[in-house]
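Asks:
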Amino acid sequence: ISQESLLLSLKNQINPHFIYNSLNIANEFLIDENFKAANIFLSDFAELLHFTLEDFQKQFVPLNKEIRFIQLYLNLQHQRFRENFNYTLDCDSLLHSSSYVIPCMMIQPFIENAIQHGILPSRKKGILNVSFKINKGQLFCIIEDNGVGRHSDSTNNNKSKNHKIGISNIDLRIQYINELY
């Protein structure tokens, strides 16, 4: 298998997991007969899915597009867990240019882990801050939360295994991207 094929395969393993979780969110609204929320959620999800399918085979996407994807993802998660957390998404003004590119869907799994494994298990209202900054020509994405922390994953083996599989996919993607580019 070529490194490019393996990289695409690893990237595609993330997408079905994300789609499955998002459809479960819409299902919860429908079960609760909250049709207005379901409609808003499904409209946002459709836009997010459009981004995902449009960029399905791309290794890199414009940063401004990835930021919009993350914004949609955060909106969807916040609709589901409104009582559990608030969030901010901050970007340096320079980053809205389409001249910057990053690996597609590289950041979303970390945000998902912050919500699922950090904030939701906490007994207090969560705060999630995602920021994109340029410093000395380098791009930084900083994801901060006030959740329970990584050490708590050991209390639930299934969640811990899923978390480690997702992170190991990202680690492999980074390794192959570094080797290819």
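For the sequence shown, our numbering gives the first residue as -17, with consecutive numbering after it. Don't be surprised by glycine CBs; every beta carbon is placed ideally from N, CA and C. It should be emphasised that the depicted structure is a prediction, and the values quoted were computed from it without experimental measurement.
1. If we count the other Cβ atoms within 10 Å of its Cβ and call it buried at 16 or more, is L5 buried or exposed?
2. So, for T137: in the same chain, excluding its five sequence neighbours on each side, which residues have a beta-carbon less than 6 Å away from its beta-carbon?
3. Taking the C-alpha atoms as reference points, what is the distance between C86 and S104?
4. State yes or no: is the C-beta of L31 within less than 8 Å of the C-beta of F63?
5. Quick check: the segment 15 to 35 against the segment 52 to 60, are at least 3 beta-carbon pairs closer than 8 Å?
6. Just to confirm, is the Cβ distance from A96 to L76 under 8 Å?
7. Please say whether G108 and F67 have beta carbons closer to each other than 8 Å?
8. Might you give, ordered along the chain, the residues of its own chain that have their beta carbon closer than 8 Å to the beta carbon of H60, omitting 5 neighbours on each side?
9. Checking 8 Å against the spacing of the C-beta atoms, do F23 and I13 come in under that value?
10. Which value, in whole angstroms, describes the spacing of the CA atoms of I152 and I116?
11. According to DSSP, is N139 part of a helix, a strand, or is it coil?
12. Helix or strand or just coil, what does DSSP make of I109?
13. Could you tell me which residues DSSP pairs with V43 in its beta bridges?
14. With N68 as the anchor, note down where its beta strand (DSSP E) starts and where it stops.
15. Using the beta-carbon count (16 or more within 10 Å), is F17 buried or exposed?
Replies: Checking against the coordinates, here is how it stands:
1. Your numbering for residue 5 matches position 23 in the sequence shown. That one is exposed.
2. On the sequence shown, position 155 is the one that residue 137 refers to. Only weak support exists for where T137 lies, its pLDDT of 48 falling under 50; the value from the coordinates is given anyway. None.
3. Position 104 of the sequence shown, counted from the first residue, corresponds to residue 86. Position 122 of the sequence shown, counted from the first residue, corresponds to residue 104. One C-alpha to the other measures close to 30 Å.
4. Along the sequence shown, one-based indexing puts residue 31 at 49. Along the sequence shown, one-based indexing puts residue 63 at 81. No, the Cβ-Cβ distance between L31 and F63 is not below 8 Å.
5. yes
6. What you label residue 96 is simply residue 114 of the sequence shown in a count that begins at 1. What you label residue 76 is simply residue 94 of the sequence shown in a count that begins at 1. Cβ atoms of A96 and L76: not closer than 8 Å.
7. Counted from its first residue, the sequence shown places residue 67 at position 85. Counted from its first residue, the sequence shown places residue 108 at position 126. Result yes, Cβ atoms of F67 and G108 sit closer than 8 Å.
8. As a working mapping, residue 60 is identified with position 78 in the sequence shown. Cβ within range, chain order: F67, N68, Y69.
9. Here residue 23 corresponds to residue number 41 of the sequence shown, with the count starting at 1. Here residue 13 corresponds to residue number 31 of the sequence shown, with the count starting at 1. At the C-beta level, F23 and I13 stay beyond 8 Å of one another.
10. The residue given as residue 152 occupies position 170 in the sequence shown. The residue given as residue 116 occupies position 134 in the sequence shown. Distance between the alpha carbons of I152 and I116: 22 Å.
11. As a working mapping, residue 139 is identified with position 157 in the sequence shown. Legend: pLDDT at N139 = 47, less than 50; position of this residue unreliable, value from coordinates given subsequently. Looking at N139 - three-state DSSP - the assignment turns out to be helix.
12. Counted from its first residue, the sequence shown places residue 109 at position 127. DSSP places I109 in strand when its eight states are reduced to three.
13. Stepping through the sequence shown from its first residue, residue 43 is reached at position 61. V43 pairs with I84.
14. Position 86 of the sequence shown holds residue 68. Counting along the chain, the beta strand (DSSP E) containing N68 begins and ends at 67 to 73.
15. Within the sequence shown, numbered from 1, the residue matching residue 17 stands at position 35. With fewer than 16 Cβ atoms within 10 Å of its Cβ, F17 is classed as exposed.
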